[in-house]
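Please read the structure below before turning to the comments.
There are 4 protein chains.
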Amino acid sequence: MAATIPSEEQVVEWMTSLSNWGRWGDDDQHGTLNLITPQKRKQAAALVQDGIPVSCARPITSEITPDVTYQMQRFMVDSGEGRDTDPPERRRVRRGAAEFIGMVFHGQTITHIDALSHYSWQGTMYNGVPASLVTSREGAQSHSIELAADGIISRGVLLDIPRLRGVDWLDPGDPVMPDDLDAAEQRFGVRVEPGDILLIRTGNYRKILERGPVSGAESMTACQVACTPWFKDRDIAMMSTDTSNDMRPSHYANIATPLHTVSLVALGLWLIDNANLEQLAEACRQRQRYAFMLNMGPLRLRHVTGSPVNPIALF
Amino acid sequence: MAATIPSEEQVVEWMTSLSNWGRWGDDDQHGTLNLITPQKRKQAAALVQDGIPVSCARPITSEITPDVTYQMQRFMVDSGEGRDTDPPERRRVRRGAAEFIGMVFHGQTITHIDALSHYSWQGTMYNGVPASLVTSREGAQSHSIELAADGIISRGVLLDIPRLRGVDWLDPGDPVMPDDLDAAEQRFGVRVEPGDILLIRTGNYRKILERGPVSGAESMTACQVACTPWFKDRDIAMMSTDTSNDMRPSHYANIATPLHTVSLVALGLWLIDNANLEQLAEACRQRQRYAFMLNMGPLRLRHVTGSPVNPIALF
Amino acid sequence: MAATIPSEEQVVEWMTSLSNWGRWGDDDQHGTLNLITPQKRKQAAALVQDGIPVSCARPITSEITPDVTYQMQRFMVDSGEGRDTDPPERRRVRRGAAEFIGMVFHGQTITHIDALSHYSWQGTMYNGVPASLVTSREGAQSHSIELAADGIISRGVLLDIPRLRGVDWLDPGDPVMPDDLDAAEQRFGVRVEPGDILLIRTGNYRKILERGPVSGAESMTACQVACTPWFKDRDIAMMSTDTSNDMRPSHYANIATPLHTVSLVALGLWLIDNANLEQLAEACRQRQRYAFMLNMGPLRLRHVTGSPVNPIALF
Amino acid sequence: MAATIPSEEQVVEWMTSLSNWGRWGDDDQHGTLNLITPQKRKQAAALVQDGIPVSCARPITSEITPDVTYQMQRFMVDSGEGRDTDPPERRRVRRGAAEFIGMVFHGQTITHIDALSHYSWQGTMYNGVPASLVTSREGAQSHSIELAADGIISRGVLLDIPRLRGVDWLDPGDPVMPDDLDAAEQRFGVRVEPGDILLIRTGNYRKILERGPVSGAESMTACQVACTPWFKDRDIAMMSTDTSNDMRPSHYANIATPLHTVSLVALGLWLIDNANLEQLAEACRQRQRYAFMLNMGPLRLRHVTGSPVNPIALF
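Protein chains in written order, with the working numbering: chain A, 1 to 315; chain B, 316 to 630; chain C, 631 to 945; chain D, 946 to 1260.
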């Protein structure tokens, strides 16, 4: 396997050779979302046969587990406690139960979208925009998740690599490589096309469910950056795995997160990190069908680098 | 108009006479979401003709405006500043730009779903469950938004009341009444059916966009609680307006928020508060078509009374 | 030792027999802070001989350690990054580096004051006030930390129990008992008097520093509730240890936190949880002096059940 | 008055001529806190005659007022509601009422200390340390509030400028100038000495209490930067006013906050912003005594640019 891992020089070269900068205009901030056309959405809707929806998100909890860097917060603004004995005048002023929720959705626990403001390379984001436009005070003044305000709906395609290989999940040191993608297409009778949202299962979330979460210091599988030319070749609109989308440890001395870097900065390819592909894989297996309508409504957060999301596959 | 406003006694009576308690079993927590069947989702997908998506959500910003009770929070965990001059060793450890986001989504600014744990009546939630299960410490241990984990996808229907009446927006003292719903169906050539998600436009958000937000102490239009028998009669799965879904001030001395109370507690009817129906109304007007596929993926928040959401109508 | 542990009946009896309810008036909310007189503060200031201050607080960090229930938050609102290359117009609008800080100070990690709103017994707080005045929505509408707005300054007295016993720290199952307090007074040549702030060292924080934090599920030493009659007898104004101030596990089937309950509810005795008494113990040992001026300025938080604090002993 | 306002060139020149860089060593991060010696603390304690404490802090509330940029947060983790009817098994698991508190203490509402990491000039902090050490991710890795972990206790001196001038408060365009400081010393019979904490009253907080808060876009008085040579000359350890410590609007085209810049960066002079000097002024007036012991215990926040604080004057 190690023989096929691209060199750091190769990765750096891809920053140029795979670049979509300028492809959709000098001012473009949408990147590969440009590939989702009305026709793609109609194609997606036409795939609906059973009316059965499947979530591709993990639960969002405030538990502290080894994979948590920033604890999710849930604090009640008003609870249901004491409602049965509240005197009438108190009932008149109390409203519904409600809570504050807070989170750093980036990280390795929450299913979320990475907008193109999430990453930069040598101080520059996709299409040559300075990273300094993402400020502490004002947030993402360019390349914000707001660009996806009207939702992301397209054909979703699942490639189930552990099922292809006959294993429960990929081992940490054993990433998804381009050959896996070709073989999975062949095996599952589906072909990834322009504008598709490609979901690649590694089994990582199943491993977490069975073995428990591990810290970010431990090794983890993902798609190796070698897959990025394949993504470009197929012109996918979005890519997701059930990992945080870069191997740990990195294969490279100077690029800690090569898949994020090439995808978000060079290709302008939006990512979904930490998906839950377990129920989806089962739904595909049962139907022997690996393409479906996929619906996402990112929160319309102002000046933000992504969004927590619950992608819904509809069969 | 005042003549047709139901009495407080009538509203209290509806708590029993409109009740769906027990209808879907003694343990049911899904309420009217039970009305969204696979068949409904297929019907919804079959409505897609143009492949054009429209967001029904408002932007979520950290600005303090008069309608804000709890300020939305956005704090960068890491920014893009200084990336251009970071020395190599610093580049190796810095990851993507990322932020903390926090919000109390209930209120009158953020487009959000009310799950059935949001409300109680005399200490009891939908289907007879004690409100005390919604605790400060543990959150919504019943009737949580998690029940909608697999998304809410159905046929959406827009009834555009200001357009029906030929006004820009309804005045604060002028609520939507059942007759309006009947007249709008007639006018726009659509009929609300079981399992539909009913979106009722009052023009309130257009007013906010043009005149600016107002404080929660000022009067506001909404659907009058008189509409709830109509909702029950048509068996809608969900109801939304471009208001916070109860008139201010209340018509009733002892029931501050009657529409929430009858809908969430008696009917088990899920609500969407503070929708943005402006682009949707225009899309419907252009097409002379008021039914469409509507997609929502509520965040899979554990033990929470609702979720911020970006509902996407797909034409 | 077990022979001297009071029974649950005894603890319940103390809720009445040790009560200070009504002692300082029917409307009193200050409890034992009433014992700090101007004369006490003058006595405290008169103890200053060296001008050397010592902090009795632990650092407040955002790290997730096993003893953390709610992670402390620190998010920069603006950083110092990129300041060197900001163009002049950007320099004119950027202000200082600043951050959001957030915390649940109650718990077992942060040095904090418990105001009397922190605890209730059978629905009632100190001096007979209903616990229901501490609401989710409005906070502590009685017995708030605001009562200590003008600071808490008095004579502080340290009783160093591990030094008395010749051990590094007390074992989890080995609590501080009243006899220890008497013996420590004798040994260290100090007598606890009315209005004093009593600091009792168990070595628990030293153990944490040397062995690392442990989860709240593990056992922990503290003052046994048997010490509360001693506190009442000496009429201390405030009590602190280097623990979270109740043994784990509790000796009682139905009272999880007896020291908090008897102290805060019956005596009206304010507590400091999770102090750092390591530098203080060394300062006392060096000087062979166990009484000193102790200064606290609780934050003037509106409707809040306590405050993080950095108590400063001045020798 | 305008004639005496120093030029921008003069202010820039002070960045060098008033500099304390190197004065306490090349690695010093304490700045003017070095001037508080044990002798100063003994002098401070010796001033205590009455044993009467006075808070110099404003209440911290979650209200949204025109001067709020970031709303303070208070969310209950557990309330007192329902405690009276909790069944025994629930009583055994519920603990005390507790809350999350969160705030951006910098700004114009909360009484707080500015540590030297709060400000930089052309990318550099006090004593030549790069501002880039204050990072979004890690916080203030130098010049943190932790340097004041052992508290700040010294002689406090109040100069009451509106009382000197016979007005209720200074007008927004009418700053405190060095002549005011000399005149106030003369009038109130006190002389500011090395290591003192100088509190300068402008009446700004009284104006807020009487007229209500105003937005940060409106003009506000403060000490003019012309006072900084006076601060250097007297070698004060800390300076505070009842303002946010820089005039609005700035007198300078290119320096928005000159007092912060010269004080924090050149002098290494720690500041207290937004003090409440109303009760203190009254206490001084009654006693005809303008020097007192002043006690502060900044929170021991790791890697943070300051701290909310409740400074306690003890007479």
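In this text, a Cβ means the ideal position worked out from N, Cα and C, and glycines have one as well.
Residue-chain proximity (residue i, chain B), Cβ-Cβ < 8 Å
i	result
VAL956(D)	no
GLY936(C)	no
GLN1053(D)	no
PHE730(C)	yes
GLN1067(D)	no
SER1077(D)	yes
is_contact[residue i, chain A] using C-beta, thresh 8 Å
i	result
GLY1041(D)	no
SER1089(D)	no
ASP399(B)	yes
MET946(D)	Per-residue confidence for MET946(D) stands at a pLDDT of 47, beneath the threshold of 50, marking its modelled position as unreliable; the derived number appears in the next sentence. No, MET946(D) does not count as interfacial toward chain A.
GLU1155(D)	no
ARG338(B)	no
ILE690(C)	no
ILE694(C)	yes
Cβ neighbour criterion (16 or more within 10 Å) applied to residue i
i	result
SER1160(D)	exposed
PRO1107(D)	buried
THR16(A)	exposed
VAL1210(D)	buried
THR1206(D)	buried
ASP26(A)	exposed
GLU378(B)	exposed
ASP588(B)	buried
THR376(B)	buried
GLN354(B)	exposed
Beta carbon of residue i nearer than 8 Å to that of residue j
i	j	result
ASP511(B)	SER469(B)	yes
MET296(A)	PRO308(A)	no
LEU1061(D)	GLY976(D)	yes
ILE1090(D)	GLY1251(D)	yes
ARG720(C)	ASP708(C)	no
SER1105(D)	ALA1226(D)	For the record, residue 1105(D) in the displayed sequence is Asp; it is not Ser. Going by C-beta atoms, ASP1105(D) is nearer than 8 Å to ALA1226(D).
GLN224(A)	MET247(A)	yes
LEU1144(D)	LEU1103(D)	yes
ALA1042(D)	HIS748(C)	yes
THR558(B)	ASN519(B)	yes
Chain C contact for residue i (CB, 8 Å cutoff)
i	result
VAL392(B)	yes
SER451(B)	yes
GLU396(B)	yes
GLY996(D)	yes
Opposing strand residues paired with residue i [DSSP bridges]
i	result
PHE292(A)	GLY156(A)
MET220(A)	ARG248(A)
PRO88(A)	According to DSSP, PRO88(A) bridges with nothing at all.
ARG704(C)	ILE731(C)
ALA943(C)	VAL684(C), LEU924(C)
ILE512(B)	GLY471(B), MET553(B)
C-beta neighbour in chain D for residue i, strict 8 Å
i	result
GLN456(B)	no
GLU89(A)	no
VAL383(B)	yes
ILE627(B)	no
GLN386(B)	yes
(message) I'd like the ranges of any alpha helix (DSSP H) spanning at least 4 consecutive residues and lying wholly in the stretch 1059-1140 of chain D.
(response) 1106-1110, 1123-1133
(request) Give, in chain order, every unbroken run of the beta strand (DSSP E) that is at least 3 residues long and sits entirely within the stretch 1173-1248 of chain D. (result) 1183-1186, 1215-1218, 1236-1241
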